[in-house]
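Undergrad: Residue numbering for the sequence shown follows full-length UniProt numbering, starting at 1 and increasing by one per position.
Just so you know, even glycine gets a beta-carbon here, dropped at the ideal spot from N, CA and C.
All of these numbers come straight from a predicted model, not from anything done at the bench.
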Amino acid sequence: MSGHSKWATTKHKKAVIDSRRAKLFAKLIKNIEVAARTGGGDLAGNPTLYDAVQKAKKSSVPNDNIDRAVKRGSGAEAGGADWQSITYEGYGPNGVAMLIECLTDNRNRAAADVRTAMTRNGGSLADPNSVAYLFNRKGVIVVNKEQDGKSYSEDDVMEAVLEAGADEVNDLGEAFEVISEATDLVKVRTALQDAGIDYESADASFVPSMTVDLDADGANKIFRLIDALEDSDDVQNVYANFDVSDDVMAEVG
1 MSGHSKWATT
11 KHKKAVIDSR
21 RAKLFAKLIK
31 NIEVAARTGG
41 GDLAGNPTLY
51 DAVQKAKKSS
61 VPNDNIDRAV
71 KRGSGAEAGG
81 ADWQSITYEG
91 YGPNGVAMLI
101 ECLTDNRNRA
111 AADVRTAMTR
121 NGGSLADPNS
131 VAYLFNRKGV
141 IVVNKEQDGK
151 SYSEDDVMEA
161 VLEAGADEVN
171 DLGEAFEVIS
181 EATDLVKVRT
191 ALQDAGIDYE
201 SADASFVPSM
211 TVDLDADGAN
221 KIFRLIDALE
231 DSDDVQNVYA
241 NFDVSDDVMA
251 EVG
């Protein structure tokens, strides 16, 4: 669930993730395999692989699992699957635009999973390019305000990333969201590291150019749909252009 700037909804996602740790691990491992196959198994020379490995480590994926995934993807060890990337477009309840990224070794299964989740939860699939224009590919880095007993301000983060190409820093409540062009993601992430500031995640994500404000009922419906989509092993990321205020989030069951 990505593409909007409310830390409350990010916390909702983290609660969902905690209850599905095995599925999360499998998806993170898949990302590592694909990154290693595409750019090689050297983390220093493959920034996409570096970020995929860091994301897995921050989610407590065992190092042995990570190492084996790198070896499978790079061809150093047999057993890697032929993962294919597919993106579906659609609409959720209240006209929320959605992009659903899949990484699968079975296109028919992925399509069936996405279609079933959408139709059972008030959503519908759309034609290619009918929704994608509402999103822009951006680099998105989340930085926790409190780290190892030290607090960081918006000015601290902005000072670290501005010259590296960051476009904006948003206050999410418990964290900052740093937005850049996708091509500047590695430079911005490196600038944070050079400044001694750790980050929670660094991803090339689809960020909406406009958002739909939801009430509690609408938020519950979209969360149910996103949960159903993310329950599929083939779905890697779900991006949606909704926004939920902190007051409304407090009402969400």
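For Val-157, which residues from the same chain have a beta carbon less than 8 Å from its beta carbon, with the 5 sequence-adjacent residues on both sides left out?
TA: Counting only Cβ-Cβ distances below 8 Å, and skipping sequence neighbours, we find Val-143, Val-169, Phe-176, Val-178, Leu-192 and Ile-197.
Undergrad: Would you identify the three-state DSSP class for Ala-202, choosing helix, strand or coil?
TA: Looking at Ala-202 - three-state DSSP - the assignment turns out to be strand.
Undergrad: Using C-beta distances below 6 Å, list every residue in its chain close to Lys-6, excluding the 5 sequence neighbours before and after it, in chain order.
TA: In this prediction, Lys-6 scores a pLDDT of 47, lower than 50, which makes its location untrustworthy; no coordinate-derived value is stated.
Undergrad: One question on the structure: do Val-34 and Leu-99 come within less than 8 Å of each other, judged by their Cβ atoms?
TA: It is not a contact, given that the beta carbons lie outside the stated cut-off.
Undergrad: On a Cα-Cα basis, can you pick out the residue from Asn-121, Tyr-88 and Asp-217 that is closest to Met-249?
TA: It is Asp-217.
Undergrad: Taking its Cβ as the centre, do 16 or more other Cβ atoms sit within 10 Å of Gly-90, making it buried, or is it exposed?
TA: Buried, since its Cβ has 16 or more Cβ neighbours within 10 Å.
Undergrad: Only counting the same chain, and skipping five residues up and downstream in sequence, which positions put a Cβ closer than 8 Å to that of Asp-127?
TA: Closer than 8 Å at the Cβ level, and outside the excluded window around Asp-127, lie Glu-89.
Undergrad: Please go through the same chain and pick out, in chain order, the residues whose beta-carbon is closer than 8 Å to the beta-carbon of Asp-184, but skip the five residues on each side of it.
TA: Excluding sequence neighbours, Asp-184 sits near Gly-139, Ala-164, Gly-165 and Ala-166.
Undergrad: CA-CA distance, Thr-211 and Ala-69?
TA: Answer to the nearest angstrom: the Cα atoms are 37 Å apart.
Undergrad: Going by the DSSP bridge assignment, what does Ala-166 pair with across the sheet?
TA: Ala-166 is bridged to Ser-180.
Undergrad: Under a three-way DSSP split, which group does Lys-145 fall into?
TA: Residue state, collapsed to three classes: coil.
Undergrad: Would you give the residue range spanned by the alpha helix (DSSP H) that Val-53 belongs to?
TA: 47-58 is the extent of the alpha helix (DSSP H) around Val-53.
Undergrad: Hey, would you say Asn-65 sits closer than 8 Å to Ala-228, going by beta carbons?
TA: No; because the gap between Cβ atoms is not below 8 Å, this pair is not in contact.
Undergrad: Compare the Cα-Cα distances from Phe-25 to each of Gly-41, Thr-48, Ala-52 and Asn-106 and report the closest residue.
TA: Among Gly-41, Thr-48, Ala-52 and Asn-106, the Cα nearest to that of Phe-25 belongs to Ala-52.
Undergrad: Can you give me the C-alpha to C-alpha distance between Met-118 and Phe-223, rounded to a whole angstrom?
TA: Answer to the nearest angstrom: the Cα atoms are 12 Å apart.
Undergrad: Taking Ala-204 and Ala-240 to be in contact with their CB atoms under 8 Å, please state how far apart those CB atoms are, rounded to whole angstroms.
TA: Going by Cβ atoms, the distance from Ala-204 to Ala-240 rounds to 17 Å, so no, they are not a contact pair.
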